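Residue numbers (our numbering), protein chains in the order written: chain A, 1 to 472; chain B, 473 to 586.
The structure is reproduced here in structure tokens:
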């Protein structure tokens, strides 16, 4: 019974292995959804591609690096308006797009010369920038362009530049997750250990798996500054290419997003003996716990307690105002993977919100072990959910608000259910104490937004002929 | 309250709060469970926790928060003698190894590479 075959999936019964309804008393020894598996033919997946996981999630966040996308111009589409990882140098990473703009003739005759020319052109146009990541895409991988050879040639011609290559075309894996993996392992093997670091504090760490969404990194940096902890590298929020080459110099790796970045933390532990400490950065209780753990590692517990007291005094009354008004709200979380387990208990404990359904695009079984351990009975846990499943789940659990991305967000808006951007946020940051008040505010404003009711009103009455959806 | 009930309570807390039990591979999970529960047992029985190596300090950081929560949530732990604490923590360890390693359905636990 607990693995669920939805009505809409009756023609693709394999989907039953991906959807779990938790029942009181069960645990993950009995039921664990299949995940990180190929999307089943017949389902309309919300997943992105493997290139996306490398470039749009991790590499493209860096604030001082040209992101050369070796492929057709369409692969370079996501920029300012869809990605929200600002930087403290004027958002260089979101203002510009670099592409080799491959056309048919380059596909036929090969694109390496065009890539080499594009690299030089980009460095010439931006003389202050000396770092670059080159990405293959589906067509340039298929024709076998050797981007590593081109990178070597460009670096030989320009001794002051450094280039990293990511060979992870969109088809390389089943989802974005493959791109995370390829970039993590490539970086640790090719770039970490190349540069020394200037150590300015007795306490040093890398902060891994935080991409400065809506300013998360910059908010948390205030905490580390107050605690006197030097962050050697941010992987990769508001980060720099060269700082990431110094990751081996830190004493501790603090991991937020274990899915996108756990690989490099594991390798830093294996290759350099640097311990990995996983924390949750969303929610009051979790953030306080994370700060306490980091401070315990360094033996600076008193500083940590002072910081927590200061932050809670400032933000707890505001959180409580929202909690009073959000208690009992039913929430669905349909995001990438880790935010399911980061958020389900934090919104429950800090805001009195009940999470009734969660869907992951690219989570692995490790993520489902975490979220099922933390989540409630009576909640649906879905891997790689499709549109029809979302409709059916909405009917079953009737959420008051859905945290998801713009694609699914547009879908649920048609049903006049409020959605909050669970990837890029509506008005972030959402991490830390202040950030969680921001999340509560956006949830409250979404749930109580009067426009949703107005959007369902037609002054002409029932004259308009409803358009039947294809699924009906 | 039986010993089994007490182990259940400790186990429910760890399942809900602790990310270290869910690291990527079986050997990482085993190392964390061994290290953190040993440090926590030392702290609960009045022995000084090891803090010499970076891994000692990592285990201490995780154990310290868990022990503080245990004491706050489960007052009966304060009345338990050293022998009973060791027995409860051994029971907790057995349960955690069973769910996160031995009987885990996670197909990636035993990959040789990360």
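No residue lacks a Cβ here, since even glycine has one placed at the ideal position from N, Cα and C. Just so you know, these numbers come straight off a predicted model, no measurement behind them.
**Study point:** Collapsed DSSP secondary structure at residue 461(B) in the structure displayed
**Key:** There is simply no residue 461(B) to check, as chain B begins at 473 and stops at 586 in what is shown.
Query - Inter-stretch contact at 8 Å, needing at least 3 Cβ pairs: the segment 263-281 of chain A / the segment 201-214 of chain A - result: yes
- Quick one: is residue 580(B) near chain A, going by C-beta distance under 9 Å? The count along the second chain starts at 1 and reaches residue 580(B) at position 108. Yes, residue 580(B) counts as interfacial toward chain A.
Which same chain residues end up closer than 8 Å to residue 293(A) when comparing Cβ atoms and leaving out the 5 residues on each side of it in sequence?
Mapped onto the first chain, residue 293(A) falls at position 293. Cβ within range, chain order: 277, 279.
Under 7 Å Cβ to Cβ from residue 165(A), same chain only, skipping five residues before and after it: list those, please.
The residue labelled residue 165(A) in the question sits at position 165 within the first chain. Answer for residue 165(A): 134, 147, 148, 151, listed in chain order.
Note to self: So residue 345(A) contacts chain B; which residues on that side make the cut at Cβ distance below 9 Å?
What the structure shows: Translated into the one-based positions of the first chain, residue 345(A) becomes position 345. Within chain B, the residues near residue 345(A) are 488, 489.
inquiry  = Just to confirm the assignment, what range does the alpha helix (DSSP H) spanning residue 339(A) have?
reply    = One-based indexing of the first chain puts residue 339(A) at position 339. Segment 338-351, the alpha helix (DSSP H) holding residue 339(A).
Between the alpha carbons of residue 297(A) and residue 274(A), how many angstroms are there, rounded? The residue labelled residue 297(A) in the question sits at position 297 within the first chain. The residue labelled residue 274(A) in the question sits at position 274 within the first chain. For residue 297(A) and residue 274(A), the distance between alpha carbons rounds to 12 Å.
Less than 6 Å between C-beta atoms, sequence neighbours within five positions excluded: which residues of the same chain meet that for residue 363(A)?
One-based indexing of the first chain puts residue 363(A) at position 363. Hits under 6 Å: 35, 337.
- Bridge partners of residue 235(A), per DSSP? Looking up residue 235(A) in the first chain gives position 235. Looking at the DSSP assignment, residue 235(A) forms a beta bridge with 208(A).
message = Strictly under 9 Å for the Cβ-Cβ distance: is residue 437(B) near chain A by that measure?
response = Outside the displayed span of chain B (473 to 586) sits residue 437(B), for which this structure offers no information.
* Asked: How many Å lie between residue 401(A) and residue 255(A) at the Cα?
  -> Working through the first chain from its first residue, we reach residue 401(A) at position 401. Working through the first chain from its first residue, we reach residue 255(A) at position 255. Cα to Cα, residue 401(A) sits roughly 28 Å from residue 255(A).
Quiz item: At a CB-CB cut-off below 8 Å, which residues of chain A make contact with residue 530(B)?
Solution: Indexing the second chain from 1 puts residue 530(B) at position 58. Chain A residues near residue 530(B): 252, 275, 276, 277, 297.
Identify whether residue 276(A) lies in helix, strand or coil by the three-state DSSP scheme. Counted from its first residue, the first chain places residue 276(A) at position 276. Three-state DSSP puts residue 276(A) in a strand.
Give the residues from the segment 256-270 of chain A that approach chain E closer than 8 Å (Cβ to any Cβ), ordered along the chain.
Judged by its chain identifiers, the structure shown contains no chain E, and its protein chains are A and B.
task = Apply the 10 Å Cβ neighbour rule to residue 535(B) and answer buried if 16 or more other Cβ atoms are within range, or exposed otherwise.
result = Numbered from its first residue, the second chain carries residue 535(B) at position 63. That one is buried.
Under the assumption that residue 496(B) contacts residue 586(B) (Cβ atoms under 8 Å), give the Cβ distance between them as a whole number of angstroms. Position 24 of the second chain, counting from 1, holds the residue named residue 496(B). Position 114 of the second chain, counting from 1, holds the residue named residue 586(B). With a Cβ gap of about 6 Å, residue 496(B) and residue 586(B) count as contacting.
- List the residues of chain B that residue 15(A) touches, going by C-beta distances under 7 Å, in chain order. The count along the first chain starts at 1 and reaches residue 15(A) at position 15. Here the premise fails: no neighbours, minimum Cβ distance about 18 Å.
Subject >> Of the residues 6(A), 7(A), 3(A), 33(A), the one placed nearest residue 383(A), counting alpha carbons only >> reply: Here residue 383(A) is taken as the residue at index 383 of the first chain, counted from 1. Checking every option, the nearest Cα to that of residue 383(A) belongs to 33(A).
Residue burial classification, residue 569(B) (beta-carbon count within 10 angstroms, cutoff 16): The residue labelled residue 569(B) in the question sits at position 97 within the second chain. With 16 or more Cβ atoms within 10 Å of its Cβ, residue 569(B) is classed as buried.
Residue from 197(A), 210(A), 30(A) whose Cα sits closest to the Cα of residue 230(A):
Translated into the one-based positions of the first chain, residue 230(A) becomes position 230. Ranking 197(A), 210(A), 30(A) by Cα distance to residue 230(A) puts 197(A) first.
*Tell me which same chain residues have a C-beta within less than 6 Å of the C-beta of residue 19(A), skipping the five on either side of it?*
Within the first chain, the letter at position 19 stands for residue 19(A). For residue 19(A), where only same-chain residues beyond five positions count, the Cβ hits under 6 Å are 4, 382.
message: Nearest by alpha-carbon distance to residue 41(A): which of 27(A), 13(A), 26(A), 288(A) is it?
response: Looking up residue 41(A) in the first chain gives position 41. Out of 27(A), 13(A), 26(A), 288(A), 13(A) has the C-alpha closest to the C-alpha of residue 41(A).
**Q.** Residue-chain proximity (residue 233(A), chain B), Cβ-Cβ < 9 Å
**A.** By 1-based counting over the first chain, the position of residue 233(A) is 233. It does not; no Cβ of chain B falls within 9 Å.
message: Just to confirm the assignment, what range does the beta strand (DSSP E) spanning residue 162(A) have?
response: As a working mapping, residue 162(A) is identified with position 162 in the first chain. It spans 162-166 - the beta strand (DSSP E) in which residue 162(A) sits, taken as one unbroken run.
Please state if the CB of residue 28(A) and the CB of residue 373(A) are separated by a distance shorter than 9 Å.
Taking the first chain and counting its residues from 1, one reaches residue 373(A) at position 373. Taking the first chain and counting its residues from 1, one reaches residue 28(A) at position 28. Taking 9 Å as the Cβ cut-off, residue 373(A) and residue 28(A) qualify as a contacting pair.
Inter-residue Cα distance where the pair is residue 404(A) and residue 224(A)
Numbered from its first residue, the first chain carries residue 404(A) at position 404. Numbered from its first residue, the first chain carries residue 224(A) at position 224. Roughly 30 Å separates the two Cα atoms.
query: If you check the beta carbons only, do residue 315(A) and residue 437(A) fall under 9 Å apart?
result: Reading the first chain from its first residue, position 315 is the one you call residue 315(A). Reading the first chain from its first residue, position 437 is the one you call residue 437(A). Closer than 9 Å, so yes.
Looking at the strands, I want to know which residues DSSP matches up with residue 382(A). Within the first chain, residue 382(A) is the residue found at index 382, counting from 1. Note: residue 382(A) sits in a beta bridge opposite 19(A), 359(A).
ask   = Does the distance from the C-beta atom of residue 183(A) to that of residue 59(A) stay below 9 Å?
value = As a first step, residue 183(A) is located in the first chain; it is residue number 183 there, counting from the start. As a first step, residue 59(A) is located in the first chain; it is residue number 59 there, counting from the start. In this structure, residue 59(A) lies closer than 9 Å to residue 183(A) by Cβ.
Review point. To the nearest angstrom, how far is it from the Cα of residue 112(A) to the Cα of residue 145(A)?
Key: Within the first chain, residue 112(A) is the residue found at index 112, counting from 1. Within the first chain, residue 145(A) is the residue found at index 145, counting from 1. If I take the Cα positions, the gap works out to 6 Å.
Checklist entry - Since residue 27(A) meets chain B, which of its residues come closer than 9 Å, beta carbon to beta carbon? => result Counting from one through the first chain, the residue named residue 27(A) turns up at place 27. Neighbours of residue 27(A) on chain B, chain order: 487, 571.
Review point. So which residues of chain A does residue 499(B) contact, with C-beta pairs closer than 8 Å?
Key: Residue numbering aside, residue 499(B) sits at position 27 when the second chain is read from its first letter. Simply none; closest approach about 10 Å.
message: At the 9 Å Cβ level, is residue 294(A) part of the contact set with chain B, yes or no?
response: Counting from 1 along the first chain, the entry for residue 294(A) is found at position 294. With 9 Å as the cut-off, residue 294(A) counts as an interface residue toward chain B.
Q | Residue from 557(B), 475(B), 580(B) with nearest C-alpha to residue 515(B) | A | One-based indexing of the second chain puts residue 515(B) at position 43. Here the closest residue by C-alpha is 557(B).
Open item on the list: Can you look up residue 126(A) in the DSSP assignment and give me helix, strand or coil?
Closed with: Along the first chain, read from residue 1 onward, the residue named residue 126(A) stands at position 126. Residue 126(A) falls in the coil class under three-state DSSP.
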